[in-house]
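Protein chains: 2
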Amino acid sequence: MSVKIAIAGFGKLGAGVLNAVRSSDVLEPLCIVTRRDPCSVSAPDCIPVISFNDVLSLKGKVDVIILCFGSQGDLPYLSPMLAENFNIVDSFDDHAKIPEHFDRVNEAAYESGHTAIISAGWDPGIFSLARAAYRAFMPKGEYLTIWGPGVSQGHSNALRNIPGVADAKQYTVPISSAARDFISGKHFSDPAHECHRRECYVVAKKGFDRAKIEKRIKEMPDYFEGYDTSVTFVSKEELDARHNGFPHAGRVIGRGRTADGSLQTADLALSLESNPAFTGSVLVAYARAAVKIYNEGRAGCFTPLDIPVAYFSELSPNEQRKKFL
Amino acid sequence: MSVKIAIAGFGKLGAGVLNAVRSSDVLEPLCIVTRRDPCSVSAPDCIPVISFNDVLSLKGKVDVIILCFGSQGDLPYLSPMLAENFNIVDSFDDHAKIPEHFDRVNEAAYESGHTAIISAGWDPGIFSLARAAYRAFMPKGEYLTIWGPGVSQGHSNALRNIPGVADAKQYTVPISSAARDFISGKHFSDPAHECHRRECYVVAKKGFDRAKIEKRIKEMPDYFEGYDTSVTFVSKEELDARHNGFPHAGRVIGRGRTADGSLQTADLALSLESNPAFTGSVLVAYARAAVKIYNEGRAGCFTPLDIPVAYFSELSPNEQRKKFL
Chain A
21 MSVKIAIAGF GKLGAGVLNA VRSSDVLEPL CIVTRRDPCS VSAPDCIPVI
71 SFNDVLSLKG KVDVIILCFG SQGDLPYLSP MLAENFNIVD SFDDHAKIPE
121 HFDRVNEAAY ESGHTAIISA GWDPGIFSLA RAAYRAFMPK GEYLTIWGPG
171 VSQGHSNALR NIPGVADAKQ YTVPISSAAR DFISGKHFSD PAHECHRREC
221 YVVAKKGFDR AKIEKRIKEM PDYFEGYDTS VTFVSKEELD ARHNGFPHAG
271 RVIGRGRTAD GSLQTADLAL SLESNPAFTG SVLVAYARAA VKIYNEGRAG
321 CFTPLDIPVA YFSELSPNEQ RKKFL
Chain R
21 MSVKIAIAGF GKLGAGVLNA VRSSDVLEPL CIVTRRDPCS VSAPDCIPVI
71 SFNDVLSLKG KVDVIILCFG SQGDLPYLSP MLAENFNIVD SFDDHAKIPE
121 HFDRVNEAAY ESGHTAIISA GWDPGIFSLA RAAYRAFMPK GEYLTIWGPG
171 VSQGHSNALR NIPGVADAKQ YTVPISSAAR DFISGKHFSD PAHECHRREC
221 YVVAKKGFDR AKIEKRIKEM PDYFEGYDTS VTFVSKEELD ARHNGFPHAG
271 RVIGRGRTAD GSLQTADLAL SLESNPAFTG SVLVAYARAA VKIYNEGRAG
321 CFTPLDIPVA YFSELSPNEQ RKKFL
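Have a look at this one:
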C-alpha cells in the first residue's frame, strides 16, 4: 500500500521533503503544488507540478499534503485552508503562536474529518518531546534549549532588510560555557541572550557606510540588541562560496534532582549539515503518522506531543519491539 | 482526582518509585506489596505494607501497580499474573525476551480488560524512543547505544557468584574514542565489546587465590570474556565506602546522510547519579500514562513506543502546547 504525498511549496524545505519521500519504499511523491508559475518549477523524475489554484483537484487522490511554506505569512492561513479538504502536516515554528495556530487548524480539520499535524520538525518537534519528557522525569528540575552553531533564516532575512545590505547570512553560535554552566547548576533568566552570540556575514552595497550598517545591525531590537554580535563584511563571491550551506545544531539539556537528592541530567543534541534536509525527513515521518491517525478515524489537529514514535515507522509493531526496545 | 499507586517490590527501584510518587501532587502511594514478611519492611510516612499473598485485596482500590522486581526470575510470571486483575507498569529489561514478555502480558491484560505498560525505564524505554526516531529520520543511517560509566547490577551479581568472592561491584565504562569514531563514520560490528570496558572491584574471601579469581572473572563467557576487563581487589570497608552508589549513564547516537548527502547526527545522553531513582521517575510517568490509556478504554499491553509524551503529564493539552512546543 503506497502512501501518496503532495508537497506544497518547493523551496529548500520542499526539496528536503521530496528527497525524503523518494528515499522511502512505501511513499510516493504524487505532485508538487506551487504558488509560482508551475512551468518555472523544475522537479526531478518528471514529478508533476501543479498550481496552488488547482489544489482541490487532488481531493481523493492524495493521502497527505506536506506544507513547506513560511510560518510568518503563509502557514497561519494556508494550513487551516488545506485542512478543510486534506490531511496535512506543517512545520509551523512561531512558538508563541502555536496555541492559536492549533485552534484554527483543529477546527478546520475536525469539521472536515481530516487529520492535521502541526509544528513537526526539530524545534518545535523533537526538542518539544525532550522538554516534555524531561519535565515528566525530573519534575523539580529545569531544562535549557541552546541553538546553533547554525544558520538562522529569520536573522539572515532581518539583515537583508537593512538599507545598504545586498546579501547576508547570520550564524547563531552557542556561548561555549553555557551548557557546562547549566549542568553545574546555573540558572539563566534570559537563555536566548545569555547562551548565544550572533555572527553576521554581510555584503554591503557600494556607497553605503559600513559603520552605520554595523551600528544598525547591533541595535536592532529583538534580533541583535543585547546579544554579543559580530559583523564581518565580505564580498558577494565570498558569501556565496563560503556561506552557502544551511547547517544547524542545537541541544536540549535537562537537569534535576530526584527526591533522594541525586542529580540527573539528560542531553539531546542534534548536529545537522543541512537543516532543511533533516527537517524534511522529520516532516515525512509525521506524514506517515498522519495517515495512520486518519485511518484510525481520528480527525482534528495533533502535535508531536500527541504522537507515539511507533507511528513513524513502516515496520510492524512486533518488528519495532524487536528492533528498538 | 488522585491516582492511587501500589508499589510491588521494595528494593532500590521500589524506593525510587515511592519517592517519585510522593513528589507528585496528583499521585497517592496506596501501599507497598512485598513478598517478604510485611513487618520486616519499613515504609516511610506510615504507608501500609501488605503481603503479595493479599494483592487481590487491592482490586477496585488501586489505579495501577508498578512492579519493581527483577527481569530474570520475577517479572516474566508476575507481570502477566498481575495484569489479570490490575493495570500494571513494569521495567522488564531483558531486551531479547521483550517480544515474548509482551505477548504474555498482552494476553492477560487484554482478556481482563486492563492496561499494561512493559519495558518502561531508560533502556529499554527512553533510549528505545531515540532509536526508533533516529531510524525514522535517518532511514539510511546507523545508531549506536553506549552504556556507562555506571554500575551494572547484572555484572556485579555475576562477580558475587564466583567462589571466593565475598562482595563486588562492576562498572561498565565506555571506551573514550567510541562515540567520536562512530560519529566520524566507523561501523562497529560488535558494539558491546568494541565500545565498553569493565572495571571490577572485588572483595576476596580469606584463603582464596586472587589470581584464580581474576582469571575466572576475565574468562567468564558473555559477561567478561572478550572485554578489556580490570580487576581490583579491595577491602569490604573500601567497597562499602567508595562504591556504595548506583550511578549510571548512557547515550544513543544516530548518524545518517539524508538523500542530499548531508551528514546528520543526533545524540541523546543521560548521566544519572542514581539509576534506581531516575528509573523510578520514568516508571511513575508511565503509570500516569497507563491510567489515561485505561480510561480511554484501551486494554492490552503497550510499550514506550506506543505512548505519546503528552500522556506523561498532569498538564492540560493546551498548557503542554504552550510550555513544551
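These protein sequence lines are chains A and R, in that order.
So the mapping is simple: our numbering equals the position in the first sequence, first residue as 1, plus 20.
So the mapping is simple: our numbering equals the position in the second sequence, first residue as 1, plus 20.
Glycine residues also receive a C-beta, built at the ideal position from the N, C-alpha and C atoms.
Note that this is a predicted model, so its numbers are computed, not measured.
For the region 256-281 of chain A, the set of residues with a beta-carbon nearer than 7 angstroms to any beta-carbon of chain R comprises T278, A279 and D280, in chain order. Taking a cut-off of 8 angstroms for Cβ pairs, the region 212-223 of chain A and the region 171-188 of chain A touch, as three or more such pairs fall below it.
When the alpha-carbon of A:P119 is set against those of A:S172, A:I138 and A:S255, the nearest one is in A:I138. Within 8 angstroms of the CB of A:H115, the CB atoms of chain R belong to L345, in sequence order along the chain. For A:Y243, the closest C-alpha among the options A:I86, A:H216 and A:S255 is that of A:H216.
Of all residues in the region 156-168 of chain A, the ones placed with a Cβ closer than 9 angstroms to any Cβ belonging to chain R are A156, F157, M158, P159 and K160, in chain order. Membership of A:F157 in the alpha helix (DSSP H) is indicated by the continuous run I146 to F157.
Between the region 86-101 of chain R and the region 56-69 of chain R there are fewer than three C-beta pairs closer than 8 angstroms, too few to call the two in contact. When the beta-carbon positions are compared, R:A330 and A:L345 stay at least 8 angstroms from each other. The secondary-structure analysis by DSSP pairs A:C220 across a beta bridge with A:Q190 and A:V251. Per DSSP, the beta-bridge partners of A:L283 are A:R277. Buried is the label assigned to R:C51, since at least 16 other Cβ atoms lie within 10 Å of its Cβ.
Here the alpha carbon of R:K343 sits roughly 25 angstroms from the alpha carbon of R:A297.
Taking C-beta atoms as the reference points, R:V46 and R:V311 fail to come closer than 8 angstroms. Scanning chain R for C-beta atoms nearer than 8 angstroms to the C-beta of A:L283 yields E293, reported in chain order. Listed along chain A are A152, R155 and A156, each with a C-beta nearer than 8 angstroms to that of R:S333. Within the same chain, Cβ atoms closer than 7 angstroms to the Cβ of R:G133 are found at A319, the five residues on either side in sequence being excluded. Between the alpha carbons of R:F106 and R:V82 lies a distance of about 8 angstroms.
Excluding residues up to 5 positions away in sequence, I137 lie with their Cβ nearer than 6 angstroms to the Cβ of R:F322 in the same chain. Counting along the chain, the unbroken beta strand (DSSP E) around A:C51 starts and ends at L47 to T54. A straight-line Cα-Cα distance of about 6 angstroms links R:Y306 and R:F332. Under the Cβ distance rule, A:N126 does not count among the residues neighbouring chain R, no pair being separated by less than 8 angstroms. Considering only beta carbons, no part of the region 307-318 of chain A lies closer than 7 angstroms to chain R. In this structure, R:K232 sits away from R:A186, with a CB-CB distance that is not shorter than 8 angstroms.
In this structure, R:A28 is the residue among R:A28, R:V41, R:E104 and R:N39 with its C-alpha nearest to the C-alpha of R:I70. When the five nearest sequence neighbours on each side are left out, the beta carbons in the same chain lying within less than 7 angstroms of the beta carbon of A:I203 are those of I273, R275 and T285, in order along the chain. Close to chain R, meaning a Cβ-Cβ distance shorter than 7 angstroms, is no residue of the region 59-79 of chain A at all.
At a cut-off of 8 angstroms between beta carbons, A:D326 contacts chain R. Around R:L288, the beta-carbon contacts reaching into chain A at under 9 angstroms are A150, A286, D287, L288 and A289. Classified as buried, R:E234 has 16 or more neighbouring CB atoms from the shown chains inside 10 Å of its CB. Residue range E162 to W167 is occupied by the beta strand (DSSP E) that includes A:E162, with no alpha helix (DSSP H) assigned at that position. Close to R:A40, with beta-carbon spacing below 8 angstroms, are these residues of chain A in chain order: T278 and A279. Within the same chain, Cβ atoms closer than 7 angstroms to the Cβ of R:R42 are found at P49, the five residues on either side in sequence being excluded.
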